[in-house]
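Engineer: In our numbering, the protein residues as written are 1 to 125. By construction, the Cβ of each residue, glycine as well, lies at the ideal position given by its N, Cα and C atoms.
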């Protein structure tokens, strides 16, 4: 299973999913997800504004615009574990992950995301 990141530029507001509400501040957010063999299809679905909203990430289009997507040959839990150093939106996108509090993180720049992820890229475990 592969993981991916999508960076979103968001404006302040309340994001409403089917069952929850999340308070979002202005800023750059990094969403961590998983994909099987067809990562391009999964990511393009999340980037599209025309979709049935199912996952938490689908609701980000209410307040956010996608900036960049990146596929990493690691499971989403490993990526989210590395990203825990950043402030997060508790309970967002982690319904199948009891190890990590969130899969949506507030970051200051793409560079700040890449630096901690380099430990995953060079590690084959």
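Assess, as a yes-or-no matter, whether the region 68 to 75 is touched by the region 3 to 13 under the definition of 3 or more beta carbon pairs within less than 8 Å.
Structural biologist: Segments in contact, yes.
Engineer: What residue range does the alpha helix (DSSP H) around residue 79 cover?
Structural biologist: Counting along the chain, the alpha helix (DSSP H) containing residue 79 begins and ends at 76 to 83.
Engineer: Does the count of Cβ pairs from the region 77 to 89 and the region 27 to 34 closer than 8 Å reach three?
Structural biologist: Verdict: yes, contact present.
Engineer: So is residue 99 buried or exposed if we call it buried at 16+ other beta carbons inside 10 Å?
Structural biologist: Residue 99 is exposed by the Cβ-count criterion.
Engineer: List the residues that DSSP assigns as beta-bridge partners of residue 3.
Structural biologist: Partner(s): 34, 72.
Engineer: State the DSSP-derived secondary structure class of residue 24, mapped to helix, strand or coil.
Structural biologist: Looking at residue 24 - three-state DSSP - the assignment turns out to be strand.
Engineer: Between residue 116 and the rest of its own chain, which residues show a CB-CB distance below 6 Å, the 5 nearest in sequence each way excluded?
Structural biologist: 82, listed in sequence order.
Engineer: Hey, residue 110 and residue 103: beta-carbon distance below 8 Å or not?
Structural biologist: Not a contact, by the Cβ cut-off of 8 Å.
Engineer: Leaving out five residues on either side along the sequence, give the residues of the same chain with a beta carbon under 7 Å from the beta carbon of residue 11.
Structural biologist: Taken in chain order, the residues that qualify are 26, 63.
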